[in-house]
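Enquirer: Sending over a structure as structure tokens; questions will come in a sec.
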Amino acid sequence: MSILLWFILAADLLLISMLIFGWHSFGRITRRLMIGLIVVIFPVLGAVPANVHTIESMKNVDFCLRCHTMEKHGDSLKSEDEEIVAAVHWANNYVPKEKACYTCHTDYDLFGGVRAKLSGLKHLWVYYFTTPPKPEEIKTYKPYDVNNCLYCHAESKRFRAKKNHNKEPGYLEKILSGEKGCLVAGCHDIAHGVREAAEDAEEPETVASPSAEGAKPSADE
Amino acid sequence: MSNKYPPSHVIQILALQFIGLFLLVIAGSMHSPLGIAAAFTFGMLFILAAVALWLVQLLRESKEISSDLENVLKKRPL
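So the protein sequences, as listed, match chains A and B.
Counted the way our numbering counts, the first sequence spans residues 1 to 221.
Counted the way our numbering counts, the second sequence spans residues 1001 to 1078.
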């Protein structure tokens, strides 16, 4: 893609040079056609693949981790802790590894990608023009949409058969309707484990984390 | 001189278009998200400015042509 874009740019430069240095040798119509080609056709030829290439590259994990505040969230993907939702998805290939952030943090609807880009612009503003929050203070702008989980899990036989998803009659239906969230206390409430790790670091005594107590289902469930 | 090289407004249009396209091409290979956003935004703005200038120029030329034609018709009615 990149080579194609440089080729288009080189062709554009060649045509501009031809027009400038051969101005006197072209007729009025030819000049107009050349200017039209340069001003309309080349930007379309160049801008479309350039935009696609740039926007596609923004879906990659390495792009999200270019802001240093996100490093701990990136590390959480590779954690061995099976209570961390992000780590389980990463380790088991439940999401494409190169687009893990984008896969979970973009709504699965028509304008989900557009909203993700707008959120990205907000991140940009916060990161460069204000004091960015500490990694453990980072929150999503709105509560995590359970439909993003259900987009993949809802039709999974394994998900539907889980004991914890059927702990009382009608419980699975509540999950599927969005009435019962996935990332709620007592269920899959450790998304990245960054805040929990910071809280543990603040309490050096060997106090067991409440999230690690027996009532909590394993990440496998 | 005036016939050898294009008039200044054409040079401006061509320059704006080339800078815009160049910014769009380098946006994808930048590391900093701010750099990408800036290159992308300014690239699009430069290209749109070039197109707008070109359209204004076309409009101006077409008006000139129509007024010339009017003058000719006044002098020599059909």
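Note that beta-carbon positions come from the ideal geometry of N, C-alpha and C, so glycine has one too.
#1: Measuring CB to CB, does A1027(B) end up less than 7 Å from A1015(B)?
#2: What is the DSSP secondary structure of V1051(B), reduced to helix, strand or coil?
#3: Counting only Cβ pairs nearer than 9 Å, list the residues of chain A close to F1042(B).
#4: Kindly indicate which three-state DSSP category A212(A) falls into: helix, strand or coil?
#5: Would you report the Cα separation of S218(A) and E196(A), rounded to the nearest angstrom?
#6: Whose Cβ in chain B lies nearer than 9 Å to the Cβ of C67(A)?
#7: For a test of the three-state rule: what should DSSP assign to P217(A), helix, strand or coil?
#8: Could you tell me the alpha carbon to alpha carbon distance between F26(A) and E1070(B), rounded to whole angstroms?
#9: Please compile the residues from chain B whose C-beta is within a distance smaller than 7 Å of the C-beta of A50(A).
#10: Are there 16 or more other CB atoms within 10 angstroms of the CB of H68(A), so buried, or fewer, so exposed?
#11: So if I threshold CB-CB distances at 7 Å, which residues from the segment 156-185 of chain A count as touching chain B?
#12: Counting contacts by CB-CB distance shorter than 7 Å, is I29(A) in contact with chain B?
#13: List, in chain order, every chain B residue whose beta-carbon is nearer than 7 Å to that of Y128(A).
#14: Is K216(A) buried or exposed, if buried means 16 or more other CB atoms sit within 10 Å of its CB?
#15: Using only CA atoms, which one of L37(A), E82(A) and R32(A) lies nearest to F1018(B)?
#16: Counting Cβ pairs closer than 8 Å, one from the segment 134-150 of chain A and one from the segment 179-193 of chain A, do we hit at least three?
#17: Ends of the alpha helix (DSSP H) at N148(A)?
#18: Do we get a CB-CB distance below 7 Å when we pair Q1017(B) with the residues of chain A?
#19: Once you ignore the five residues that flank D220(A) on each side, which residues in its own chain have a CB closer than 6 Å to its CB?
#20: Can you tell me where the alpha helix (DSSP H) holding D12(A) begins and where it ends?
#21: Answer with yes or no whether the minimum CB distance from M1001(B) to chain A is below 7 Å.
Expert: Inspection of the coordinates gives the following:
#1: no
#2: helix
#3: Per Cβ cutoff of 9 Å: no residues; F1042(B) is ~13 Å from chain A at best.
#4: Low local confidence applies: a pLDDT of 42 at A212(A) is under 50, so the model's placement there is unreliable, and no value is given.
#5: Residue confidence for S218(A) is low, a pLDDT of 42 falling below 50, so the modelled location carries little weight and cannot support an answer.
#6: P1033
#7: Per-residue confidence for P217(A) stands at a pLDDT of 43, beneath the threshold of 50, marking its modelled position as unreliable; no derived number is given.
#8: 28 Å
#9: L1024, V1025, A1027 and G1028
#10: Exposed is the call here.
#11: none
#12: no
#13: Residues of chain B passing the Cβ test: L1034.
#14: Note that K216(A) scores a pLDDT of 41, beneath 50, so its modelled location is shaky; the value from the coordinates is reported in the next line. Buried.
#15: Considering only alpha carbons, the answer is L37(A).
#16: Short answer: they touch.
#17: Per DSSP, N148(A) belongs to the alpha helix (DSSP H) from V146 to H153.
#18: yes
#19: Below a pLDDT of 50, predicted positions are generally treated as unreliable, and D220(A), at 44, falls in that range; no measurement from the model is reported.
#20: S2 to F21
#21: Summary for M1001(B): the model assigns pLDDT 46, below 50, so the residue's position carries little reliability, and this model does not support an answer.
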